[in-house]
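> Top line first, the protein sequences correspond to chains A and B.
Following this note's numbering from start to finish, the first sequence increments by one per residue and tops out at 1343.
Following this note's numbering from start to finish, the second sequence increments by one per residue and tops out at 1343.
Glycine residues also receive a C-beta, built at the ideal position from the N, C-alpha and C atoms.
In this text, all values refer to a predicted model and were calculated from it rather than measured experimentally.
Supplied in structure tokens, the structure appears directly below.
2 protein chains.
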Amino acid sequence: MINNSKNIEESLEHKEKIVLLSHGAGGQLQNELIKFITKNAVLRRVDDGIGLDEFDDGATIPLKEINKDIVITSDGHTISPIFFPGGDIGILSATGTINDLLMMGATPVAISSIVFIEEGFPFSKLKLIFNSFNKVLESCNVALIGGDTKVFPKGTLDQIAISTTGIGFKPSNLKILDSNLQPSDKIIITGTIGDHGAAILANRKEINFDTNLVSDVAVLLPIIKQINNLEWIHAMKDPTRGGVAAALNEWAQKSNVSIILDESKLPIKKEVKSIADILGLDPLELTNEGKALISVSSEYAEIVLNRIRKTEIGKNAEIIGEVSKDHPGKVMIRTFLGGTKFINMPIGEPVPRIC
Amino acid sequence: MINNSKNIEESLEHKEKIVLLSHGAGGQLQNELIKFITKNAVLRRVDDGIGLDEFDDGATIPLKEINKDIVITSDGHTISPIFFPGGDIGILSATGTINDLLMMGATPVAISSIVFIEEGFPFSKLKLIFNSFNKVLESCNVALIGGDTKVFPKGTLDQIAISTTGIGFKPSNLKILDSNLQPSDKIIITGTIGDHGAAILANRKEINFDTNLVSDVAVLLPIIKQINNLEWIHAMKDPTRGGVAAALNEWAQKSNVSIILDESKLPIKKEVKSIADILGLDPLELTNEGKALISVSSEYAEIVLNRIRKTEIGKNAEIIGEVSKDHPGKVMIRTFLGGTKFINMPIGEPVPRIC
């Protein structure tokens, strides 16, 4: 029997669509997966708070009587290996959640966590992981208020996964949003790009580079405290899965502006460049776990930059680009050679379980 | 070489302690696991809200200016099979979280969910699961405000796991707490005992009973609405993992009272009795997913009972026991034969992934 192209097309149509690794990788496919899961949700926000459709770092529930918003953010953490240079899944879970609250302009107050554990997992490792987790909370004055644990039979979960939900408060008039970039804003990055992604990849069993590179995992609280005036800031985002490329493309699309980066200004460590080169990856698509992108009015950009540089985690901060009203939705880069090229939304970071 | 008992003891001490399936089963071992994970958390509540140490269905963050509490509850859902008689992991996740908020006396407002998916999982199943999930939210006027998705490489997670965090509000003067049972209170159960646990077990591949029994998974909102006066109620709890036995033992310990059940009053379906008998399990230790235990002042017990019975899901409600100040911390049952025996805290339900 000879298949004609129509038959092939039909068989493809009938072939069941399945979830791919890249559906979890923070790029375009992940957005599609989330939209698929949530498309039938009827109520998508509380009152006029930030909800599902904003797709921001967190959601808000307005408390009108007191001019405050509750800010809520939820994350799942599945990193492999669970202990990595510079941290472990415990630090990562607590840090990621606190950073998401900070990126909305909120003061983090409480966390609840759900821990999925594989049968046979040693208590000694649990101890290390939750010592790390609890230390991060303590350092930020955040309470652990509850959670849940579930145990999977051996072979049905790889070691451990942690879900965290963070709760904070922000003044309702403070709008630090993905959709709030303004033309002529400057874009600041608070430090070197791609360290976490490169460090994890270099230490995967199947790669195992010899490098001193460690993850940048860190809470961004010292930077927020040092800036000390969030009114100047239009948007903040920690470029985790999908990296700087995904974060900036989201901003450009949601704010209907373009962002033009200056390649000569991008702080990237030599080791990160080498690892990315060898693996054929773009550092701009690698995950960061202790960095913020900040979009700020040009008149305050230098002040904010200098304040950030006073912190240990922000000493390598740079103004890496600016916002324009031309070419809305696009992210571009002026290269060393003088040309300009587009930076596209990653389809999906090619490596699973990076955070 | 002959081992003496001291050597055996030493080797046991040095053998690494590992997580067992029963650490996830809602009994005494689960409490130990949670205490182990959280022991180094320094901040354990927000202001004078309910936090870690209360170990209740949820936590609270007081909003003093408006005499309200935010109520927060987090759950992990790992049931196997993910589609079961009477429901699926989607209904279960949304229902369990909404019920926990209701059991604290809160009005549920919003949910965020984190979905862990195995690579290769079909979108057709995701569609069914999240249609179920979103329908439950719609029926309770609860908004889906955010979440996260992560994909595990094939073979590192069995199909799907869902974490949910629910947010609601309650008046701050309403104290419906595990620690609030009063001597002479009556204990109501809103329907038959053990249906969910028995239905899931009967349908496990390795057991596969022929039965029409279905899970009782249901939101308890109609019952709460019908009661219409939560001031009468001292404590409410949905007896999920560890069943009625675990829930009542927690109550007795936290409230420093005893609870005496009347075996002749326990509503248990014949099918559940048979399945439990054959598997050597106690229906009182089986999971329920659509039932509430309610501790209420004796003067209001009949009124509350009659209101509950007016609802479809509460038509089999019964007053099953009472609270006493004698033998604090103990749960007892007056048997059909006239004797009295203790009902102990389950060590850990003997079957994993029941919810």
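If you measure from the beta carbon of LEU1162/A to each beta carbon in chain B, is any gap under 9 Å?
The residue you call residue 1162/A lines up with position 174 of the first sequence. No, because no Cβ of chain B sits closer than 9 Å to the Cβ of LEU1162/A.
> Could you tell me whether any non-hydrogen atom of the ligand GDP is closer than 8 Å to the CB of GLY1302/A?
What this structure holds is no ligand at all, so the ligand GDP is not there to describe.
> Going along chain B in order, which residues have a C-beta closer than 8 Å to the C-beta of SER1062/A?
The sequence position of residue 1062/A within the first sequence is 74, counting from 1. Correct list: SER1100, SER1101, ILE1102, GLY1134, GLY1135, ASP1136, SER1151, THR1153.
> Any idea what DSSP makes of PHE1157/A, helix, strand or coil?
Counted from its first residue, the first sequence places residue 1157/A at position 169. PHE1157/A falls in the strand class under three-state DSSP.
> Say whether the stretch 1040-1054 of chain B touches the stretch 1076-1083 of chain B, bearing in mind that this needs 3 or more beta-carbon pairs closer than 8 Å, one atom from each stretch.
Short answer: they don't touch.
> List the residues of chain A that SER1112/B touches, going by C-beta distances under 8 Å, in chain order.
As a first step, residue 1112/B must be located in the second sequence, where it is residue number 124. Those are GLU1004, LYS1005, listed as they occur along chain A.
> Check the Cβ of ASP1166/B against every Cβ in chain A and list those closer than 8 Å, keeping chain order.
Indexing the second sequence from 1 puts residue 1166/B at position 178. None at all; the shortest Cβ gap to chain A is about 13 Å.
> For SER1120/A, which residues from the same chain have a beta carbon less than 6 Å from its beta carbon, with the 5 sequence-adjacent residues on both sides left out?
For the purposes of this step, residue 1120/A is taken as residue 132 along the first sequence, with counting starting at 1. So the qualifying residues of the chain are ASP1076, GLY1078, ILE1079.
> Quick check: what's the CA-CA separation for ASN1087/A versus ALA1223/B?
As a first step, residue 1087/A is located in the first sequence; it is residue number 99 there, counting from the start. As a first step, residue 1223/B is located in the second sequence; it is residue number 235 there, counting from the start. One C-alpha to the other measures close to 36 Å.
> Residues of chain A with CB under 8 Å from ARG1351/B, in chain order?
Given that chain B is displayed from residue 989 to residue 1343, the structure contains no residue 1351/B and the question cannot be resolved.
> Output needed in chain order: residues of the stretch 1319-1340 of chain A with a Cβ under 7 Å from some Cβ in chain B.
Hits within the stretch, in order: PRO1340.
> Rounded C-beta distance between ILE1307/A and LYS1174/A? I'm assuming under 8 Å.
Position 319 of the first sequence, counting from 1, holds the residue named residue 1307/A. Position 186 of the first sequence, counting from 1, holds the residue named residue 1174/A. So it is a contact: roughly 5 Å between Cβ atoms.
> Taking only beta carbons into account, state which residues of the stretch 1064-1086 of chain B come closer than 9 Å to chain A, listed in chain order.
GLY1064, HIS1065, THR1066, SER1068
> What's the gap between the Cα of GLN1170/B and the Cα of VAL1319/B?
Within the second sequence, the letter at position 182 stands for residue 1170/B. Within the second sequence, the letter at position 331 stands for residue 1319/B. Whole-angstrom Cα-Cα distance: 14 Å.
> For my contact list, GLY1053/B and ILE1054/A are in at a C-beta cut-off of 8 Å; report their separation, rounded to the angstrom.
Residue mapping note: residue 1053/B aligns to position 65 of the second sequence, counting from 1. Residue mapping note: residue 1054/A aligns to position 66 of the first sequence, counting from 1. With the sequence shown as reference, residue 1053/B is identified as Glu, and Gly is not the correct amino acid for it. With a Cβ gap of about 5 Å, GLU1053/B and ILE1054/A count as contacting.
> Between which two residues does the beta strand (DSSP E) containing ARG1345/A stretch?
In the structure as shown, chain A starts at 989 and stops at 1343, and residue 1345/A therefore has no counterpart that could be examined.
> HIS1011/B by DSSP, collapsed to three states: which one?
Locating residue 1011/B in the second sequence gives position 23, where the first residue counts as 1. Three-state DSSP puts HIS1011/B in a helix.
> If we count the other Cβ atoms within 10 Å of its Cβ and call it buried at 16 or more, is LYS1142/A buried or exposed?
Position 154 of the first sequence, counted from the first residue, corresponds to residue 1142/A. Label assigned to LYS1142/A: exposed.
> Please classify THR1328/A: is it buried, with 16 or more other beta-carbons within 10 angstroms of its beta-carbon, or exposed?
The count along the first sequence starts at 1 and reaches residue 1328/A at position 340. Under this definition THR1328/A is an exposed residue.
> Using 10 angstroms around the beta-carbon of GLY1326/B, count the other beta-carbons present and answer buried if the total reaches 16, otherwise exposed.
The residue you call residue 1326/B lines up with position 338 of the second sequence. Answer is exposed; the Cβ neighbour count stays below 16.
> If you measure from the beta carbon of VAL1097/A to each beta carbon in chain B, is any gap under 9 Å?
Mapped onto the first sequence, residue 1097/A falls at position 109. VAL1097/A counts as touching chain B.
> Look up THR1061/A in the DSSP assignment and give the residues it is bridged to.
For the purposes of this step, residue 1061/A is identified with residue 73 of the first sequence, where counting begins at 1. Its beta-bridge partners are GLY1154/A.
> Looking only at its own chain, which residues have a Cβ that is under 6 Å from the Cβ of ALA1149/A, when we skip the five neighbours before and after it?
Walking along the first sequence from the start, residue 1149/A turns up at place 161. Excluding positions up to five away in sequence, the list reads THR1066, PHE1104.
> Have a look at LEU1254/B and SER1283/B and give me their C-alpha separation to the nearest angstrom.
The residue labelled residue 1254/B in the question sits at position 266 within the second sequence. The residue labelled residue 1283/B in the question sits at position 295 within the second sequence. CA-to-CA, the gap between LEU1254/B and SER1283/B works out to about 15 Å.
> Looking at chain A, is there any beta carbon in it that lies within less than 9 Å of the beta carbon of ASN1191/B?
Start at 1 with the first residue of the second sequence, and residue 1191/B comes out as number 203. Not an interface residue.
> Taking the beta strand (DSSP E) that LEU1249/B falls in, what are its first and last residues?
For the purposes of this step, residue 1249/B is identified with residue 261 of the second sequence, where counting begins at 1. For LEU1249/B, the enclosing beta strand (DSSP E) starts and ends at 1246-1250.
> Using 8 Å as the cut-off, can you tell me whether the stretch 1244-1252 of chain A makes contact with the stretch 1124-1139 of chain A, which would need three or more C-beta pairs spanning the two stretches below that distance?
In the pairwise beta carbon analysis, the stretch 1244-1252 of chain A is classified as not touching the stretch 1124-1139 of chain A: fewer than three pairs are separated by under 8 Å.
> What residues from the stretch 1011-1031 of chain B come within 9 Å of chain A, judged by C-beta to C-beta, listed N to C?
HIS1011, GLY1012, ALA1013, GLN1018, LEU1021, ILE1022, PHE1024, ILE1025, THR1026, LYS1027, ASN1028, ALA1029, VAL1030, LEU1031
> For the alpha helix (DSSP H) containing SER1286/A, list its first residue and its last residue.
As a position in the first sequence, residue 1286/A is number 298, starting the count at 1. Its alpha helix (DSSP H) spans residues 1286-1297.
> Cβ atoms of LEU1272/B and GLY1231/B: under 9 Å apart, would you say?
For this step, residue 1231/B is matched to residue 243 along the second sequence. For this step, residue 1272/B is matched to residue 284 along the second sequence. Result yes, Cβ atoms of GLY1231/B and LEU1272/B sit closer than 9 Å.
> Quick one: which residues of the stretch 1036-1048 of chain B get their C-beta closer than 7 Å to a C-beta of chain A? List them in chain order.
GLY1039, LEU1040, GLY1046, ALA1047
> Does any CB atom of chain B fall closer than 9 Å to the CB of ILE1058/A?
What you label residue 1058/A is simply residue 70 of the first sequence in a count that begins at 1. Answer yes: the Cβ-Cβ gap between ILE1058/A and chain B drops below 9 Å somewhere.
> With C-beta atoms as the reference, is SER1100/A less than 9 Å away from THR1153/B?
Taking the first sequence and counting its residues from 1, one reaches residue 1100/A at position 112. Taking the second sequence and counting its residues from 1, one reaches residue 1153/B at position 165. Yes, they are a contact pair.
> Going by DSSP, what residue range makes up the alpha helix (DSSP H) through THR1085/A?
Within the first sequence, the letter at position 97 stands for residue 1085/A. Element bounds for THR1085/A: 1077-1091.
> Would you check if the distance between the CB atom of VAL1007/A and the CB atom of GLU1126/B is smaller than 9 Å?
On the first sequence, position 19 is the one that residue 1007/A refers to. On the second sequence, position 138 is the one that residue 1126/B refers to. Going by C-beta atoms, VAL1007/A is not nearer than 9 Å to GLU1126/B.
> My assumption, with CB atoms under 8 Å, is that PHE1072/A sits in contact with ALA1187/A. Please give the rounded CB distance.
Residue 1072/A sits at position 84 when you count from the first residue of the first sequence. Residue 1187/A sits at position 199 when you count from the first residue of the first sequence. Indeed, because the Cβ distance is near 7 Å, the residues count as touching under 8 Å.
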